[in-house]
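Engineer: First, the structure itself, so that you have it in front of you.
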Amino acid sequence: MDLLRLATDLSEIYMQNDKVEGVLLGGSVARNWQDEYSDIELFVFWKESPNDEDRKSPINDVNGRIIDYCPYEEEEWSETYITQGVKLEISNFLTNTIYRILDEVVLNYDTDFDKQCLAATVYDGVSLAGEDIIDQLKKKVEVYPEELGSAMIRENLDLGNRWSNREALLAREDWLMLYKVVTSVQSNIMGMLFGLNRLYVHHPAFKWQKRTLERMKVAPKKISISLPSVFMAPPEKSIRELEGLLQEIYGLVHREHPEIDLAKAIERTSFVRPQSNKSL
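So in full-length UniProt numbering the end of the sequence shown lands on 280, straight run, no missing numbers.
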């Protein structure tokens with residue numbers, strides 16, 4: 001199945017509605033990362049709020065089978081359906097809402113992941129219809145603000161108190177809690193790397209991690225191998241790998257953003273919960 005061709009055909013159906021100003025292809029297909037599990041993500045921009053008929057008419061036109069159909073929430077109408085054996089995820093937004101959210105990211109340096117995901121979609125997305133509108137949106141995000149990068153780094157410097165318990169968790173073989181800590185620290189690392197590389201976060205849970213890391217030029221060597229492999233290595237080796245990566249990343253932060261004070265973050269990251277005095 002040619003997913004891009006199907007997406008293009010669907011965009012033409014949506015554009016038959018006078019309320020629609022543009023259709024943008026997002027997700028893995030837009031980034032040319034698709035595999036046999038990929039679906040089609042379409043972002044439909046409306047000049048006024050769509051009603052149920054507006055949303056369901058394109059689905060009926062392609063004999064789609066609705067899987068999810070969500071009411072308006074968090075400034076979005078969304079639905080998921082299947083046609084021709086392909087799953088479609090549709091995100092409907094008022095065009096004015098998209099303009100405002102992009103301004104919050106690029107002008108106010110808002111680090112909210114959901115807002116950045118929209119910025120990333122506009123940046124990487126493929127215009128299928130409404131080229132003039134989408135070109136205007138793309139111009140808003142074409143230059144990643146240095147201040148947003150700094151904000152992302154600062155927000156992710158603190159790894160939390162549980163990181164200091166890593167040796168105790170290893171010794172106790174407390175794997176569930178240990179890997180919760182590992183996952184949390186990896187998320188912080190990803191946040192710092194996105195800021196260092198001036199890339200908008202494209203998924204709140206860092207989907208397609210390996211592909212994403214391969215795009216990053218300001219990063220420890222072989223990061224696309226070493227960071228994902230933390231989950232496959234023996235636990236103690238994984239912790240040592242994370243400790244080493246953190247030191248390398250702090251070095252990169254110091255080089256790229258010397259204005260950021262790392263002293264407290266390095267001290268907290270290096271701290272390990274002490275063992276009780278065995279003589280007592």
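Glycine residues also receive a C-beta, built at the ideal position from the N, C-alpha and C atoms.
Taking all protein chains shown into account, decide if Ser11 is buried (16 or more other Cβ within 10 angstroms of its Cβ) or exposed.
Structural biologist: In the sequence shown, counting from the first residue as 1, residue 11 sits at position 11. Ser11 is buried by the Cβ-count criterion.
Engineer: Going along the chain, which residues of its own chain have a beta-carbon closer than 6 Å to the beta-carbon of Arg80, five neighbours each way excluded?
Structural biologist: Here residue 80 refers to the residue found at position 80 of the sequence shown. In the sequence as presented, Arg is not what sits at residue 80; that position holds Thr. Closer than 6 Å at Cβ, skipping near neighbours: Ile67, Asp68, Glu89.
Engineer: Per DSSP, Glu131 is paired with what?
Structural biologist: Position 131 of the sequence shown, counted from the first residue, corresponds to residue 131. DSSP output for Glu131 lists no bridge partner at all.
Engineer: Can you pull the DSSP bridge partners for Thr83?
Structural biologist: Taking the sequence shown and counting its residues from 1, the one referred to as residue 83 is at position 83. BP columns for Thr83 point to Val86.
Engineer: Once you ignore the five residues that flank Glu48 on each side, which residues in its own chain have a CB closer than 6 Å to its CB?
Structural biologist: Numbered from 1 along the sequence shown, position 48 holds the residue referred to as residue 48. Same-chain partners within the cutoff: Lys19.
Engineer: Under 8 Å Cβ to Cβ from Val218, same chain only, skipping five residues before and after it: list those, please.
Structural biologist: Here residue 218 refers to the residue found at position 218 when the sequence shown is read from its first residue. The residues are Leu193, Leu196, Asn197, Leu252, Glu256.
Engineer: Please specify which runs of the beta strand (DSSP E), each continuous and at least 3 residues long, are wholly inside the region 17–53, giving them in chain order.
Structural biologist: Correct list: 20–26, 40–46.
Engineer: Determine contact between the region 21–33 and the region 131–146, defined as no fewer than three beta-carbon pairs at a distance below 8 Å.
Structural biologist: Yes, the region 21–33 is in contact with the region 131–146.
Engineer: Cutting at 6 Å between CB atoms, please list the residues of its own chain near Ile101, excluding the five before and the five after it.
Structural biologist: Against the sequence shown, residue 101 aligns to sequence position 101. Correct list, in chain order: Lys115, Leu118.
Engineer: Short check: CB of Phe113 to CB of Pro228, under 8 Å?
Structural biologist: Counting from 1 along the sequence shown, the entry for residue 113 is found at position 113. Counting from 1 along the sequence shown, the entry for residue 228 is found at position 228. No. Outside cutoff.
Engineer: Which residues in the same chain as Arg31 place their Cβ atom closer than 6 Å to its Cβ, once the five residues preceding and following it in sequence are excluded?
Structural biologist: Stepping through the sequence shown from its first residue, residue 31 is reached at position 31. Here the set comprises Asp124.
Engineer: Three-state secondary structure (DSSP) at Pro220?
Structural biologist: Taking the first residue of the sequence shown as 1, we reach residue 220 at position 220. It is coil, neither helix nor strand.
Engineer: I want to know whether the region 177–189 touches the region 143–154 - three or more CB-CB distances under 8 Å.
Structural biologist: The answer is no - the region 143–154 does not touch the region 177–189, with fewer than three Cβ pairs under 8 Å.
Engineer: Following the continuous beta strand (DSSP E) through Tyr200, name the residue where it begins and the one where it ends.
Structural biologist: Position 200 of the sequence shown, counting from 1, holds the residue named residue 200. From DSSP, Tyr200 is part of no beta strand (DSSP E); its letter is neither H nor E.
Engineer: Measuring straight from C-alpha to C-alpha, what distance separates Thr269 and Leu262?
Structural biologist: Indexing the sequence shown from 1 puts residue 269 at position 269. Indexing the sequence shown from 1 puts residue 262 at position 262. When rounded, the distance between both Cα atoms is 10 Å.
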